[in-house]
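Residue numbers (the UniProt record's numbering): 1 to 287.
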Amino acid sequence: MSMDFKKVAILGGGLLGGSLALALAQKHSGTEVTLWSRREETTMRARELGISGATSDLRTAVAGADLVVLAVPVGGMPALVQAALEAGLNTGALVTDVGSVKGIVHSTLPAVLATHGVVFIGSHPMAGSEHGGIGAAKASLFESAACILTDDQHAPAALRTSLEGFWQAVGCRTAWMISAIHDELVARISHLPHVIAAAGATVALRDTGDGRFAGGGLRDTTRVAGGDPEMWTEILLENREALAAPLRETIANLREMLASLEAGDHESVHRLLATAKVRRDALPTHR
1 MSMDFKKVAI LGGGLLGGSL ALALAQKHSG TEVTLWSRRE ETTMRARELG
51 ISGATSDLRT AVAGADLVVL AVPVGGMPAL VQAALEAGLN TGALVTDVGS
101 VKGIVHSTLP AVLATHGVVF IGSHPMAGSE HGGIGAAKAS LFESAACILT
151 DDQHAPAALR TSLEGFWQAV GCRTAWMISA IHDELVARIS HLPHVIAAAG
201 ATVALRDTGD GRFAGGGLRD TTRVAGGDPE MWTEILLENR EALAAPLRET
251 IANLREMLAS LEAGDHESVH RLLATAKVRR DALPTHR
């Protein structure tokens with residue numbers, strides 16, 4: 001897959017930003033890549049990993065970039081965009097992000113960028129780990145991952161094509177949708193599972209010593225609960241409106257299971273479990 005962008009500036013040196021820089025270095029060595037972090041220790045670690053364009057100077061990072069990727073928490077994006085504009089972000093550049101909530105991003109960033117001749121298209125690569133930071137970065141993170149692209153402001157077709165090709169070039173499968181649909185979807189398939197995993201870990205491991213007897217099932221179903229609580233607090237609050245309905249549906253499902261167990265209703269318990277199995281068995285195995 002060819003790369004339409006000559007210089008990519010990745011702003012944020014965490015798991016996603018670092019992994020993207022590594023993937024580009026590995027797959028598209030002809031593309032100039034800068035990875036910005038305000039923390040000098042992060043840029044030093046990035047250079048140790050082979051990301052030669054790591055820098056803590058924002059002006060250096062964005063100078064001449066025709067694609068800028070915001071790889072920081074959604075709440076920090078408006079201030080970072082303003083700083084990037086003040087640091088000399090090119091007129092005509094394309095800005096995208098890797099945030100997991102899109103409604104708030106599309107309601108704040110595009111208008112600010114448009115006044116400077118910069119276009120915004122949202123991106124959400126569905127890739128990650130319960131481990132964070134530049135130390136967990138890996139070039140293969142995006143292989144076969146879905147990447148949802150959101151374009152509520154109707155960007156030029158050429159930019160849409162270039163950005164879609166960019167994500168495909170690092171291994172992603174791409175799809176387009178509006179931000180509201182995106183937020184409803186990820187509330188069910190990403191944010192709800194995290195809440196369920198957190199609840200499961202809290203209840204199952206109430207007595208922490210019990211964990212030594214746990215098998216793979218508990219580890220599998222609670223793995224994502226090991227994610228950064230600060231990051232996930234922000235994500236869940238930002239998408240709280242879309243998350244409310246599936247969370248209520250989950251509570252209703254648990255109440256139905258509890259009532260069926262208390263009644264000794266074999267048929268009802270079996271039906272609930274069988275429905276779950278059918279849906280779980282149909283889950284694609286892309287990753």
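Just so it is clear, CB atoms sit at the ideal spot from N, CA and C, and this is done for glycine as well.
One thing to note: Arg38 has its Cβ within 8 angstroms of the Cβ of Ser56. Between the stretch 2-9 and the stretch 60-68 there are three or more C-beta pairs closer than 8 angstroms, enough to call the two in contact. Contact fails between the stretch 158-172 and the stretch 187-203, because fewer than three Cβ pairs, one in each stretch, are under 8 angstroms apart. In this chain, Ala9 is not harboured by any alpha helix (DSSP H); it is covered by the beta strand (DSSP E) spanning Lys7 to Leu11. Relative to the Cα of His124, the nearest Cα in the group Phe142, Gly88 and Gly133 belongs to Phe142.
Distances from the CA of Glu241 to each of Leu24, Ala180, Gly117 and Leu80 were compared; the closest alpha carbon is that of Ala180. For the pair Leu272 and Glu262, the CB atoms are not nearer than the 8 angstroms cut-off. For Ala137, no alpha helix (DSSP H) encloses it, and the DSSP letter there is neither H nor E. Fewer than three pairs of CB atoms, one per stretch, sit closer than 8 angstroms, so the stretch 107-114 makes no contact with the stretch 127-142. Secondary structure at Val68: strand, using DSSP grouped into helix, strand and coil. Closest option to Leu11, judged by alpha-carbon separation, among Ala157, Pro193, Ser190 and Leu58: Leu58. Beta-bridge analysis with DSSP links Gly122 to Thr150.
If the five residues before and after Ala21 are omitted, its C-beta is found closer than 6 angstroms to the C-beta atoms of Ile10, Val33, Leu35 and Ile51, all from its own chain and listed in chain order. In the three-state reduction of the DSSP assignment, Glu32 falls in the strand class. The C-beta of Ser144 has fewer than 16 other C-beta atoms within 10 Å across all chains shown, which makes the residue exposed. For Arg173, the enclosing beta strand (DSSP E) begins and ends at Arg173 to Trp176. Going by beta carbons, Ile121 and Ala158 fall outside the 8 angstroms limit.
Counting along the chain, no beta strand (DSSP E) covers Thr108, and no H or E run does either.
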